[in-house]
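Visitor: Numbering (the UniProt record's numbering), first residue to last: 29 to 381.
Using N, Cα and C, we set each Cβ at its ideal position, and we do this for glycine too.
Computed from a predicted model, the values in this text were never measured in an experiment.
Sharing a structure below in C-alpha cells format, with a few things to ask.
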Ligand code: F0G
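Shown next as C-alpha cells:
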C-alpha cells in the first residue's frame, strides 16, 4: 500500500512540470467525494460533495500552490507574494516553509477569518493588513512583483490554474465520467476557470477519460457579485469573506467557462449561504466555511427556480474547512449547559433519564 503522493506526482503526465525539478508538496489533493444523501433527496438528483477542506491547509488552494511554489523554487525565487482573503495566504505560507522561501501576504484589514490569519502567522509569513479590500491587495501585490524580486502566486499565475484543474480529474476518475452539472462558489474566478480547463482536457484526445463536460454553475455572494451584474463592485460586502471580491482577476475566463459549458453564474444572499452552511454541517456531516456553502445555496436556489431536472449527477465543490472561521458555527447556536460531575444530572440534561 502507498499513500497519495500529491497532485503533481499523481497527474504528472497531464501537468506542465519539468521532469527533473524538486517538487514542493504537502500531498495535497486526493480529497473525498462524498455522496450527499439529504441534498440528493431534496433535489431528486445524485449529488456529491468534493470536500476540499480536507487538503493540507484546509482549502483547494493547495492544489494550485504546490504547482506555483514548485515553479517559483525551480526558477530560483527566494520570496513569494500574494493578495488574499485568507486561504491563499495560508496555503502560500505553508508551501513557502516547505520550499525554504520567504512569504509575504497582503490581506484586507479586518476582513479575514481568524483561523486563516493564525495559519499565516504560525507558518511565519510576513503579513501586511491593507487599508482596502481584496482587489486593492491584488493591485498592490502585482505592482510589487513587477518591481521587486518576489514571485506572485495568486491565480493570475498560470501554474495555480494548472494545479487546481486536477480536482476535475479526480472527480472524473472517481465517478467514471464527468457529472452533468458542476457547482462552485466564485470569488476571484480562478477555480471555475481551473475546473473548466480540467474537464475539457479530460474529455479530449485519444486518452480521454470522460465522454463529456459538465455545465458549470458558479455562485457569488449577492453583495459581491460583479460577474452577475456585469460590472465591478466597488465596495463588495458579504459574511463569506473568502469571496468578498469586487473585480475578479479571471473575469473573462469565468465567462468563457460559463458560456462554453452552457452554464450560468448567479448570486445567493448571505442568509441563503448561512442556511446552506448549517445544512451541510447538521445534515450531511460536512463542516465547510461559509463561502464554500455558496455552491450548495446556489444549487438549492436553482431547484426552487425549476432549473434542475431530476435524475442528474451533480457535484458541488465545498472549497474550505469550517474550522477556519468557527465564529459562524457558534453564533446563534444554543449555549452548552453546565452540569456537575454527576451521572444522574448529566442523564437528565441529555434527556436520557
Ligand atoms: N471558496 C473559498 C473558501 C475561497 O477561499 C475562495 C477564494 C473561493 C471559494 C473562490 O475561489 O477566487 O478561485 O473564484 N479565495 C481567495 C483567497 C480569493 O485569497 O483565499 P476563486
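Thinking C-alpha only, which one of 219, 345, 338 and 362 is nearest residue 73?
Guide: With distances taken between Cα atoms, residue 73 lies closest to 338.
Visitor: Let me check you understand the geometry: is the CB of residue 293 closer than 6 Å to at least one non-hydrogen atom of ligand 1?
Guide: Every heavy atom of ligand 1 is 6 Å or more from the Cβ of residue 293, so no.
Visitor: Quick test of your reading: residue 241 and residue 228, contact by CB under 8 Å. State the CB separation rounded to the nearest angstrom.
Guide: That belief holds up - the Cβ atoms of residue 241 and residue 228 are roughly 6 Å apart, short of 8 Å.
Visitor: Can you say whether residue 268 is buried or exposed, counting buried as having 16 or more other CB atoms within 10 angstroms of its CB?
Guide: Residue 268 should be labelled buried.
Visitor: In whole angstroms, what separates the C-alpha of residue 176 from that of residue 207?
Guide: Answer to the nearest angstrom: the Cα atoms are 44 Å apart.
Visitor: Ordered along the chain, which non-local residues of its own chain (more than five positions away) have a Cβ less than 6 Å from that of residue 185?
Guide: Cβ within range, chain order: 96.
Visitor: DSSP on residue 32, reduced to helix/strand/coil?
Guide: The answer is coil: DSSP assigns residue 32 none of H, G, I, E or B.
Visitor: So residue 266 and residue 277 are supposed to be a Cβ contact under 8 Å. How far apart are they, rounded?
Guide: About 18 Å separates the two Cβ atoms, so there is no contact after all.
Visitor: Which of helix, strand or coil does DSSP assign to residue 52?
Guide: Looking at residue 52 - three-state DSSP - the assignment turns out to be coil, as it is neither helix nor strand.
Visitor: Is it buried or exposed for residue 299, if we count other Cβ within 10 angstroms and need 16 for buried?
Guide: Answer is exposed; the Cβ neighbour count stays below 16.
Visitor: Is the beta carbon of residue 373 sitting closer than 7 Å to the one on residue 367?
Guide: Yes, the pair counts as a contact, with Cβ atoms nearer than the cut-off.
Visitor: Quick check: what's the CA-CA separation for residue 290 versus residue 235?
Guide: Whole-angstrom Cα-Cα distance: 25 Å.
Visitor: In angstroms, rounded to a whole number, what distance separates the CA positions of residue 335 and residue 112?
Guide: Spanning the two alpha carbons is a distance of roughly 33 Å.
Visitor: Let me make sure I understand the geometry here. Which of 379, 319, 310 and 322 has the alpha-carbon closest to that of residue 66?
Guide: Looking at the Cα atoms, 310 is the closest of the given residues.
Visitor: According to DSSP, is residue 252 part of a helix, a strand, or is it coil?
Guide: Helix, per DSSP.
Visitor: From the DSSP output, which residues share a beta bridge with residue 133?
Guide: Its beta-bridge partners are 110 and 155.
Visitor: Could you pull out every residue in the same chain whose Cβ sits closer than 7 Å to the Cβ of residue 140, ignoring the five residues on either side in sequence?
Guide: Hits under 7 Å: 113, 114 and 269.
Visitor: Report, in whole angstroms, the separation of the C-beta atoms of residue 224 and residue 255, which I expect to be a contact under 8 Å.
Guide: Wrong, their Cβ atoms sit about 14 Å apart, outside the cutoff.
Visitor: Going by the DSSP bridge assignment, what does residue 245 pair with across the sheet?
Guide: In the DSSP output, where bridge partners are listed per residue, residue 245 has 211 and 292.
Visitor: Please state the DSSP three-state secondary structure of residue 140.
Guide: In the structure shown, residue 140 sits in coil (DSSP, three-state: anything other than H, G, I, E or B).
Visitor: In chain order, what residues of the same chain lie with their CB nearer than 7 Å to the CB of residue 194, ignoring the 5 residues before and after it?
Guide: Closer than 7 Å at Cβ, skipping near neighbours: 35, 39, 57, 91 and 226.
Visitor: Looking at the strands, I want to know which residues DSSP matches up with residue 349.
Guide: Answer is 316, bridged to residue 349.
Visitor: Determine, using beta carbons only, whether residue 321 and residue 342 come nearer to each other than 7 Å.
Guide: Their beta carbons are not under 7 Å apart, which means residue 321 does not touch residue 342 by this criterion.
Visitor: Would a C-beta distance cut-off of 7 Å place residue 121 and residue 131 closer than the cut-off?
Guide: Yes, the Cβ-Cβ distance between residue 121 and residue 131 is below 7 Å.
Visitor: Helix, strand or coil for residue 341, going by three-state DSSP, please let me know.
Guide: It is a strand residue.
Visitor: Is it the case that the CB of residue 347 approaches a heavy atom of ligand 1 more closely than 6 Å?
Guide: Because some heavy atom of ligand 1 lies under 6 Å away, the Cβ of residue 347 counts as near it: yes.
Visitor: Which ranges would you report for the alpha helix (DSSP H) in the segment 58-130 if only whole runs of at least 4 residues count?
Guide: Complete alpha helix (DSSP H) runs here, min 4: 65-71, 89-102 and 115-127.
Visitor: Going by the DSSP bridge assignment, what does residue 179 pair with across the sheet?
Guide: In the DSSP output, where bridge partners are listed per residue, residue 179 has 108.
Visitor: For the segment 342-353 against the segment 195-215, are there 3 or more C-beta pairs whose distance is under 8 Å?
Guide: With a cut-off of 8 Å, the segment 195-215 and the segment 342-353 count as touching, because enough Cβ pairs lie within range.
Visitor: Short of 7 Å in beta carbon distance, which residues of its chain neighbour residue 220, apart from the five on each side in sequence? Order them along the chain.
Guide: Within the same chain, residue 220 has close Cβ partners 212, 214, 244, 246, 282 and 285.
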